[in-house]
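Asks: Residue numbers (full-length UniProt numbering): 1 to 211.
Beta carbons are placed, not taken as given, at the ideal position from N, Cα and C, and that holds for glycine.
Computed from a predicted model, the values in this text were never measured in an experiment.
Below is one structure. I have some questions about it.
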Amino acid sequence: MTHNSPAFLTSVRPSIRRSEGDTDDVTVTKGGDVTLQCAAEGVPRPAVTWLKDGRPITGQHGAKVLNEGRLLQIKDAKVSDTGRYTCIAVNVAGQADSKHDVIFLHSGVIVLKYLSIHSPLSLLSCSNPVALSCEASGIPLPAISWLKDGRPIKATSSVRILSDTGRYSCLASNSAGDRSRHFNLNVLGAKTALLISFRNVSLEDCSHFLN
1 MTHNSPAFLT
11 SVRPSIRRSE
21 GDTDDVTVTK
31 GGDVTLQCAA
41 EGVPRPAVTW
51 LKDGRPITGQ
61 HGAKVLNEGR
71 LLQIKDAKVS
81 DTGRYTCIAV
91 NVAGQADSKH
101 DVIFLHSGVI
111 VLKYLSIHSP
121 LSLLSCSNPV
131 ALSCEASGIP
141 LPAISWLKDG
151 RPIKATSSVR
161 ILSDTGRYSC
171 LASNSAGDRS
181 RHFNLNVLGA
191 KTALLISFRN
201 VSLEDCSHFL
211 N
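Right, dumping it as structure tokens:
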């Protein structure tokens with residue numbers, strides 16, 4: 001007599017495979033498109049759902065779920081599309097999730113505050129410290145650099161001594177573009193040393209000044 005062996009189905013907890021170059025942060029500009037992937041694996045095949053900022057995505061959102069949840073597509077992006085998108089894969093063995101932060105880049109994203117002094121700046125002597133503030137905001141956070149007559153001021157050390165008349169520029173840049181502010185330095189009489197401190201958002205000098 002032959003006995004048939006019972007068939008056993010092994011359950012495998014879901015996992016979500018991330019492809020090379022798949023990042024947590026995704027940036028998009030106005031009118032752009034974004035496609036997020038959720039490469040869910042498991043036995044049995046997991047069911048996939050998407051959340052935006054912790055709430056289920058419905059037809060009222062600008063995002064569209066495709067391929068049984070394996071893709072999420074955002075077309076003609078708007079500011080309201082900014083947020084954290086989470087895909088959740090579930091089967092009888094458990095669940096897994098993967099998160100993406102969609103960041104909307106506004107046109108003219110960089111806001112660069114004016115320098116705290118007016119141009120031109122005439123230097124007399126080195127006595128009282130004066131701070132020249134150059135602050136920028138934006139998404140992503142802009143990097144700040146300084147130039148003299150269009151050439152970068154090297155920040156290989158924490159302090160650099162300058163003594164030349166010239167045009168100094170503060171440049172803020174990120175993936176959306178760049179903005180700059182300028183001022184002209186006029187040295188009166190004997191050369192006067194400027195003390196440049198390479199901090200995040202400021203340039204300092206060691207001088208009295210007259211506008």
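Do the stretch 13–31 and the stretch 39–51 make contact, defined as three or more Cβ pairs closer than 8 Å?
Replies: Result yes; three or more Cβ-Cβ pairs closer than 8 Å.
Asks: Could you name the residues that DSSP lists as bridge partners for D97?
Replies: In the DSSP output, where bridge partners are listed per residue, D97 has I88.
Asks: Pick from A47, T82, V92: whose alpha carbon is nearest that of E68?
Replies: Here the closest residue by C-alpha is A47.
Asks: In terms of alpha-carbon separation, which member of L171, V79, V26 lies closest to H100?
Replies: If we check each option's Cα against that of H100, V26 comes out closest.
Asks: Can you give the Cα-Cα distance for T35 and A143, rounded to whole angstroms?
Replies: So the two alpha carbons sit approximately 28 Å from each other.
Asks: Pick out the complete beta strand (DSSP E) segments inside the stretch 46–85, 3 residues or longer, and give them in chain order.
Replies: Counting only runs of 3 or more, we get 47–52, 63–66, 71–74.
Asks: Between which two residues does the beta strand (DSSP E) harbouring D25 extend?
Replies: That run of the beta strand (DSSP E) goes 25–29.
Asks: How would you write the range of the beta strand (DSSP E) that S15 sits in, first residue to last?
Replies: From DSSP, the beta strand (DSSP E) with S15 extends over 12–17.
Asks: Alpha carbons only, please: which of Y85, G177, A39, A89 is nearest the one belonging to L51?
Replies: The shortest Cα separation from L51 among Y85, G177, A39, A89 belongs to Y85.
Asks: Can you say whether D24 is buried or exposed, counting buried as having 16 or more other CB atoms within 10 angstroms of its CB?
Replies: Burial call: exposed.
Asks: Who pairs with P152 in a beta bridge, going by DSSP?
Replies: Beta-bridge pairing links P152 to L147.
Asks: So the beta strand (DSSP E) S169 belongs to, where does it begin and stop?
Replies: Where S169 is concerned, the enclosing beta strand (DSSP E) stretches over 166–174.
Asks: Rounded to whole angstroms, what's the CA-CA distance from residue 227 to L105? Just pull it up for me.
Replies: In the structure as shown, the chain starts at 1 and stops at 211, and residue 227 therefore has no counterpart that could be examined.
Asks: Hey, could you find the ends of the beta strand (DSSP E) G42 is sitting in?
Replies: Looking at the DSSP string, the run of the beta strand (DSSP E) that includes G42 is 39–43.
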